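Enquirer: Counting with UniProt numbering, you get residues 1 to 137 for the letters of the sequence shown.
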Amino acid sequence: MEATGKKPTNYLSGKADKMKKASGKRKSTLIFACSGLSNTGKLTMQAASALAFRRPDLYRAAAAHKGVDAVEDALSDGVNILVLDGCSDRCATKKLEEGGLKADVYMMVTELGIEKTMPSDVKLEYVEKIVRAIKEA
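As structure tokens, this is what we get:
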């Protein structure tokens, strides 16, 4: 399925300033990814892992299905938390809220214009689209 090119709703508006330290240097970000079974769920973890591999100084990745321990550890390190949900089921957000935690930034893959479809509909172009959106957050 083709991406529609829609921009995400207000999940990201005004959040860029929160992602910077007082010194103006960008803080590290933990991407708490849905990692579900649909294509959009799989894309969340692929994008998070790609960023953590490319820029380990700026990004860490954690799968929501493993729980909030990684988030708690990141918060104690002063890291920003970005929740990356695959779809409107909001599995990663719910898991975070169950743990009594809140994210600095929320993002949903389907709001980037990527349609939730078959698990096999995972394309590199979609991963890169999500990576770009996270970098702009």
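Glycine included, every Cβ here is placed at the ideal spot set by N, Cα and C. Remember, predicted model here, so these are calculated numbers, not experimental data.
State the CB to CB distance for the pair Met107 and Leu75, rounded to an integer number of angstroms; the pair is presumed to be in contact (CB under 8 Å).
Expert: As a first step, residue 107 is located in the sequence shown; it is residue number 107 there, counting from the start. As a first step, residue 75 is located in the sequence shown; it is residue number 75 there, counting from the start. Contact flag wrong, Cβ pair sits at about 18 Å.
Enquirer: Is it buried or exposed, residue 138, if we count other Cβ atoms within 10 angstroms and call 16 or more buried?
Expert: This structure leaves residue 138 out entirely; the chain is present only between 1 and 137.
Enquirer: Based on the DSSP secondary-structure assignment, which residues constitute the bridge partners of Leu51?
Expert: The residue labelled residue 51 in the question sits at position 51 within the sequence shown. Paired residue(s): none; Leu51 is not in a bridge.
Enquirer: With three or more beta-carbon pairs closer than 8 Å as the criterion, would you say the segment 115-124 touches the segment 38-57?
Expert: Touching, per the Cβ criterion.
Enquirer: Classify Lys66 as buried or exposed, calling it buried when 16 or more other Cβ atoms lie within 10 Å of its own Cβ.
Expert: Residue mapping note: residue 66 aligns to position 66 of the sequence shown, counting from 1. Result: exposed.
Enquirer: When you compare only the Cα positions, how much space is there between Leu96 and Gly78?
Expert: In the sequence shown, counting from the first residue as 1, residue 96 sits at position 96. In the sequence shown, counting from the first residue as 1, residue 78 sits at position 78. Going from the Cα of Leu96 to the Cα of Gly78 covers about 17 Å.
Enquirer: With DSSP collapsed to three states, give me the class of Ala92.
Expert: To locate residue 92, count along the sequence shown from 1; it is residue 92. Ala92: helix per DSSP, three-state reduction.
Enquirer: Once the 5 residues before and after Arg60 are set aside, which same chain residues still bring their CB inside 6 Å of it?
Expert: By one-based count along the sequence shown, residue 60 stands at place 60. Counting only Cβ-Cβ distances below 6 Å, and skipping sequence neighbours, we find Leu30 and Ala52.
Enquirer: Following the continuous alpha helix (DSSP H) through Val71, name the residue where it begins and the one where it ends.
Expert: Residue mapping note: residue 71 aligns to position 71 of the sequence shown, counting from 1. Segment Asp69 to Ser76, the alpha helix (DSSP H) holding Val71.
Enquirer: Identify whether Thr117 lies in helix, strand or coil by the three-state DSSP scheme.
Expert: In the sequence shown, counting from the first residue as 1, residue 117 sits at position 117. In the structure shown, Thr117 sits in coil (DSSP, three-state: anything other than H, G, I, E or B).
Enquirer: Can you tell me the Cβ-Cβ gap for Val68 and Leu112, rounded? I've got them flagged as a contact below 8 Å.
Expert: Here residue 68 is taken as the residue at index 68 of the sequence shown, counted from 1. Here residue 112 is taken as the residue at index 112 of the sequence shown, counted from 1. Actually they are not in contact, since the Cβ atoms of Val68 and Leu112 sit about 24 Å apart, beyond 8 Å.
Enquirer: Provide the residue(s) that pair with Asp85 in DSSP beta bridges, ordered along the chain.
Expert: Position 85 of the sequence shown, counting from 1, holds the residue named residue 85. Looking at the DSSP assignment, Asp85 forms a beta bridge with Met108.
Enquirer: Taking the alpha-carbon positions, what's the Ala33 to Pro56 distance?
Expert: On the sequence shown, position 33 is the one that residue 33 refers to. On the sequence shown, position 56 is the one that residue 56 refers to. The alpha-carbon atoms of Ala33 and Pro56 are separated by roughly 16 Å.
Enquirer: Among all the DSSP beta bridges, which residues are the ones paired with Leu30?
Expert: Along the sequence shown, one-based indexing puts residue 30 at 30. Looking at the DSSP assignment, Leu30 forms a beta bridge with Arg60 and Ile81.
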